[in-house]
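Before any comments, here is the structure.
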DNA sequence: TGTCATAGTTACCAAAAGGTAGGAATAGTG
DNA sequence: CACTATTCCTACCTTTTGGTAACTATGACA
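Chains as they are written, first to last, in my numbering: chain P, 1 to 114; chain C, 115 to 228.
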């Protein structure tokens with residue numbers, strides 16, 4: 001492995017961004033966290049994120065599960081029931097995300113001038 | 115404008131992500147902020163971000179300037195000298211970014227298991 | 001037998017992001 | 001005149017991302 005690649009892997013900023021810097025990840029984490037009991041089903045999430053396609057939602061959830069930020073619980077019923085919740089690691093990320101969102105709300109007008 | 119689009123535009127999470135959720139923006143903000151006097155020249159940034167192409171760096175800086183997060187000062191010299199620094203808005207974002215980075219450092223091992 | 005509901009997956013296509021290589025501008029220096 | 005240094009921009013190509021529509025599985029229920 002090259003030095004450059006090693007430096008890349010060691011950089012926490014890139015790690016952070018590569019894990020949930022995409023179009024939907026932060027929104028999923030936020031939405032699950034804001035729910036009543038911290039648990040949400042697939043279609044329930046879909047209704048809260050109306051402009052996210054089914055494909056992107058399941059893809060995003062799969063990534064978050066692999067990053068150990070979201071827990072996926074499957075109940076062997078028919079029709080199937082799958083519940084998503086934040087892991088402890090996922091919960092520990094929420095303060096940082098909420099700080100980012102708070103900043104976004106406060107400085108919206110300074111940044112967006114299109 | 116549809117209701118869905120209005121909801122989209124009003125969502126601070128998306129605004130935040132769309133402004134600096136790309137591959138390089140957060141790293142640029144972080145790098146400028148960590149510098150000696152808070153000011154960096156183009157090639158200086160390049161050396162700190164070795165695997166970012168020239169094209170992407172200038173593109174990223176342009177976006178950050180348009181979002182009023184970075185200030186660009188051009189000195190009419192030859193060869194040209196251009197200095198980049200954070201605006202007040204940009205500085206106000208740093209605590210949230212540093213919180214995210216701190217989280218990334220702390221939870222690196224829980225999340226990255228490839 | 002046909003339909004419903006849930007939670008997906010897959011194939012296919014379009015759009016966006018990002019990398020490489022080369023050019024442009026220009027004053028100073030040898 | 002040739003060469004250098006600095007900060008880009010542009011054309012071209014590849015890779016990644018994201019959307020649409022159709023398909024799967026299965027037990028209950030009419």
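Heads up, the beta-carbon is just placed ideally off N, CA and C, and yes, glycines get one too.
is_contact[residue 185 (chain C), chain P] using C-beta, thresh 7 Å: In the second chain, counting from the first residue as 1, residue 185 (chain C) sits at position 71. No - not a single Cβ of chain P is within 7 Å of the one on residue 185 (chain C).
Does any residue of chain C bring its CB to less than 7 Å from the CB of residue 118 (chain P)? The displayed coordinates of chain P run from 1 to 114. Any statement about residue 118 (chain P) would go beyond what the structure contains.
Once DSSP output is grouped into helix, strand and coil, what is the label at residue 140 (chain C)? Position 26 of the second chain holds residue 140 (chain C). Reduced to three states, the DSSP call for residue 140 (chain C) is helix.
Residue from P:34, P:84, P:47 whose Cα sits closest to the Cα of residue 62 (chain P): For the purposes of this step, residue 62 (chain P) is taken as the residue at position 62 of the first chain. Nearest C-alpha to residue 62 (chain P): P:84.
Tell me the rounded alpha-carbon separation between residue 223 (chain C) and residue 71 (chain P). Counting from 1 along the second chain, the entry for residue 223 (chain C) is found at position 109. Counting from 1 along the first chain, the entry for residue 71 (chain P) is found at position 71. Cα to Cα, residue 223 (chain C) sits roughly 17 Å from residue 71 (chain P).
Between the C-alpha atoms of residue 82 (chain P) and residue 73 (chain P), what's the straight-line distance to the nearest angstrom? Translated into positions along the first chain, residue 82 (chain P) becomes position 82. Translated into positions along the first chain, residue 73 (chain P) becomes position 73. Rounded to the nearest angstrom, the two C-alpha atoms are 6 Å apart.
Does the count of Cβ pairs from the segment 94-113 of chain P and the segment 24-34 of chain P closer than 8 Å reach three? yes
What's the call for residue 47 (chain P), buried or exposed, on a 16-neighbour Cβ count within 10 Å? Against the first chain, residue 47 (chain P) aligns to sequence position 47. Residue 47 (chain P) comes out exposed.
Give me the residue from P:36, P:107, P:79, P:80 with the minimum Cα distance to residue 86 (chain P). Here residue 86 (chain P) refers to the residue found at position 86 when the first chain is read from its first residue. Selected option, being the one with the closest Cα: P:36.
Using a Cβ-Cβ cut-off of less than 8 Å, give me the residues of the segment 76-91 of chain P that come near chain C, in sequence order. 89
At a Cβ threshold of 7 Å, is residue 214 (chain C) touching chain P? Counting from one through the second chain, the residue named residue 214 (chain C) turns up at place 100. Yes - at least one Cβ of chain P is within 7 Å of the one on residue 214 (chain C).
Which term fits residue 167 (chain C), buried or exposed, when burial requires 16 or more other beta carbons within 10 angstroms of its beta carbon? The residue labelled residue 167 (chain C) in the question sits at position 53 within the second chain. When all chains shown are included, residue 167 (chain C) counts as exposed.
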